[in-house]
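Asker: So the mapping is simple: the working numbering equals the position in the sequence shown, first residue as 1, plus 198.
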Amino acid sequence: MQLVLLGAPGAGKGTQGEFLEKEFSLVRIATGDLLRAAMAEGTELGHQAKAYVSRGELVPDELVTELVKDRLQAPDTTQGFILDGFPRNVAQAQSLEDFLSASGRGTVTALYLEVDQEALLKRLTGRRVCPKCKASFHLTNRPPKQEGKCDACGSQLVQRPDDTEQVIRHRLEVYRRETEPVLDFYAARGQLKRVDGNGDLDEIFSRILKVLGAAKR
Ligand code: AP5
Ligand code: MG
Numbered sequence: 199m200q201l202v203l204l205g206a207p208g209a210g211k212g213t214q215g216e217f218l219e220k221e222f223s224l225v226r227i228a229t230g231d232l233l234r235a236a237m238a239e240g241t242e243l244g245h246q247a248k249a250y251v252s253r254g255e256l257v258p259d260e261l262v263t264e265l266v267k268d269r270l271q272a273p274d275t276t277q278g279f280i281l282d283g284f285p286r287n288v289a290q291a292q293s294l295e296d297f298l299s300a301s302g303r304g305t306v307t308a309l310y311l312e313v314d315q316e317a318l319l320k321r322l323t324g325r326r327v328c329p330k331c332k333a334s335f336h337l338t339n340r341p342p343k344q345e346g347k348c349d350a351c352g353s354q355l356v357q358r359p360d361d362t363e364q365v366i367r368h369r370l371e372v373y374r375r376e377t378e379p380v381l382d383f384y385a386a387r388g389q390l391k392r393v394d395g396n397g398d399l400d401e402i403f404s405r406i407l408k409v410l411g412a413a414k415r
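Okay, structure coming up:
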């Protein structure tokens, strides 16, 4: 299965992506996570990406597309993959189609998590993440067992720097302008599946499995 997760900031791409990754034993490639890791390591890519990510702008296509193509050349992706956060505009979607077709790997299924606007802001302002193992929580919707501490590794949880209200509003604008047209790109090719992304985590996951035609294992 070659899956692309689409949805606004806060739609649950990371959360449901983690569930899918476990359920199907697939590699999940999250461009936001890769960029944040590059920024934390201080690599050349990290330096180039930092100003864009912190303002909630898209990082230039050539940087992100190369990053994804490189990752898709690794052998652990030959059985399939889950892309989270890529493609984010039509040019990226076209590059991905061209790359997959040139390497004889078939098309992707694009899964669109559709979430009400008011829910997005609440989800993002309440998100807390583990800087060490990258686990993600929410102050009220998915609280850690011990306040402020990661369930998996015990590190102090932090807020993502781009999860301030001002940057979130800008990310949502960029999403509407740049990423929403990607829905039409996949719909026109018959590759788009829509899922109601409102409600609780398990309920949404069951809906996803249903549209993918897979029962929970
Ligand atoms: P990225 O990291 O991809 O951020 P994003 O798209 O804004 O999406 P988020 O990670 O904020 O949301 P999510 O959908 O993963 O939601 P989550 O599951 O965490 O990208 C960051 C930046 O990197 C971009 O702004 C850009 O600069 C750059 N970038 C990345 N990819 C790029 C690309 N392809 N091209 C150019 N630039 C790129 O859920 C959010 C919260 O809600 C969590 O706290 C969670 O616990 C909670 N939650 C989830 N589901 C539910 C539910 N059902 N009910 C209640 N709470 C829920
Ligand atoms: Mg995410």
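All C-beta atoms in this analysis are idealised placements derived from N, C-alpha and C, irrespective of residue type, glycine included.
Is G205 near D231, with beta carbons less than 9 Å apart?
Answerer: Cβ distance not < 9 Å, so G205 and D231 don't count as in contact.
Asker: Quick check: is any heavy atom of the ligand MG less than 8 Å from the C-beta of K320?
Answerer: no
Asker: For the beta strand (DSSP E) containing K391, name the first residue and the last one.
Answerer: 390 to 394
Asker: As a quick exercise: from A291, L399, G254, pick the residue whose alpha carbon is nearest that of P341.
Answerer: L399
Asker: Specify the secondary structure class of D361 as computed by DSSP and reduced to three states.
Answerer: coil
Asker: For Q277, count neighbouring Cβ atoms within 10 angstroms of its own Cβ and tell me buried if that reaches 16, exposed if not.
Answerer: Counting every other CB atom within 10 Å of its CB across the protein chains shown gives Q277 a total below 16, marking it as exposed.
Asker: Can E255 be considered in contact with the ligand AP5, in the sense that its beta carbon sits closer than 8 Å to one or more heavy atoms?
Answerer: yes
Asker: Would you say the beta carbon of D349 comes nearer than 8 Å to a heavy atom of the ligand AP5?
Answerer: no
Asker: What I want to know is whether the C-beta of G212 ends up closer than 8 Å to one or more non-hydrogen atoms of the ligand MG.
Answerer: yes
Asker: Could you tell me which residues DSSP pairs with R226 in its beta bridges?
Answerer: I280
Asker: Based on Cα-Cα distance, which residue from G208, V202, L203 lies nearest to T362?
Answerer: Among G208, V202, L203, the Cα nearest to that of T362 is on G208.
Asker: Excluding the five sequence neighbours on either side, which residues of its own chain have a C-beta within less than 6 Å of the C-beta of V365, listed in chain order?
Answerer: G254
Asker: Which residue spans inside the stretch 286 to 338 form an unbroken alpha helix (DSSP H) run of at least 4?
Answerer: 288 to 300, 315 to 323
Asker: Between which two residues does the alpha helix (DSSP H) holding L261 run?
Answerer: 259 to 270
Asker: Let me confirm a value: D296 is counted as buried when at least 16 other C-beta atoms fall within 10 Å, else exposed. Which label applies?
Answerer: exposed
Asker: Indicate whether the contact test is met: 3 or more Cβ pairs, each with one atom in the stretch 305 to 314 and one in the stretch 323 to 341, closer than 8 Å.
Answerer: no
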